[in-house]
Amino acid sequence: MSGTVSGVQSVVVRHPVAADEANWRRLWAGYNDFYNADVPDEVTSYTWRRVLDPASDVFGLVAEVDGQLAGMALCVAHEGTWSLSKLCYLEDLFVDPSVRGAGVARAIMDHLVALCEANGWSDLYWHTRDTNAAARRLYDSYVKVDDHVRYRMELNR
Ligand SMILES: CC(C)(COP(=O)(O)OP(=O)(O)OC[C@H]1O[C@@H](n2cnc3c(N)ncnc32)[C@H](O)[C@@H]1OP(=O)(O)O)[C@@H](O)C(=O)NCCC(=O)NCCS
Numbered sequence: 005m006s007g008t009v010s011g012v013q014s015v016v017v018r019h020p021v022a023a024d025e026a027n028w029r030r031l032w033a034g035y036n037d038f039y040n041a042d043v044p045d046e047v048t049s050y051t052w053r054r055v056l057d058p059a060s061d062v063f064g065l066v067a068e069v070d071g072q073l074a075g076m077a078l079c080v081a082h083e084g085t086w087s088l089s090k091l092c093y094l095e096d097l098f099v100d101p102s103v104r105g106a107g108v109a110r111a112i113m114d115h116l117v118a119l120c121e122a123n124g125w126s127d128l129y130w131h132t133r134d135t136n137a138a139a140r141r142l143y144d145s146y147v148k149v150d151d152h153v154r155y156r157m158e159l160n161r
């Protein structure tokens, strides 16, 4: 999927390929910094391997802005108990600070919605911090926030 958005000449959203590794790692590192997360390199490598592995339920999207990798999303398509088809969880979304506000995240989200529809997946869902105003404005433009809260036990980390 490609298009023209304000401030940049072109945005192309596509699946990552092996040659994207260095640029994807740069974006991933920026995303980890945003969350003050210290993800071990072996986890990053495992995530990247799964992104490239068609047999994995983990998949990615990247956005090229004027030919440079400037955005990425990571998702997991998984079975559910409430439907016959899979659901898609959007786990990570990041856009390089140098091109923010130009519609890159929206281009990734639009592509992802179209991909879910094309695959016949029943739901696309995600969560973000209550205080993440930029992300929430983007997300609020897709769907109304629901009333679920998150519980999470950290085990075997
Ligand atoms: C959130 C993030 C992905 C948005 O990326 P982006 O490419 O700048 O977003 P877009 O330009 O596509 O903007 C889409 C919408 O988001 C909102 N938005 C984007 N930046 C915003 C900001 N700084 N303040 C308020 N709203 C903002 C706007 O509503 C915008 O809608 P519009 O196009 O109608 O103006 C980016 O800021 C980012 O990577 N942040 C750090 C990581 C993060 O928060 N990830 C998401 C949560 S996991």
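Under my numbering, think of the first position of the sequence shown as 5, with each following residue one higher. Glycine included, C-beta positions come from ideal geometry on N, C-alpha and C. In this text the structure is predicted, and so the values were computed from the model without any measurement.
Annotation: residue 69 to residue 57 spans about 25 angstroms, alpha carbon to alpha carbon. Listed as beta-bridge partners of residue 150 by DSSP are no residues whatsoever. The beta carbon of residue 131 is closer than 7 angstroms to those of 154 in its chain, skipping five residues each way along the sequence.
DSSP, read as helix, strand or coil, puts residue 141 in helix. Residue 142 has its Cβ nearer than 7 angstroms to a heavy atom of ligand 1.
Under the DSSP assignment, residue 17 falls in the beta strand (DSSP E) whose first and last residues are 12-18. Relative to ligand 1, the beta carbon of residue 71 is positioned no closer than 7 angstroms to any heavy atom. Exclusion of residue 129 from the 7 angstroms shell around ligand 1 follows from its C-beta lying no nearer than that to any non-hydrogen atom of the ligand.
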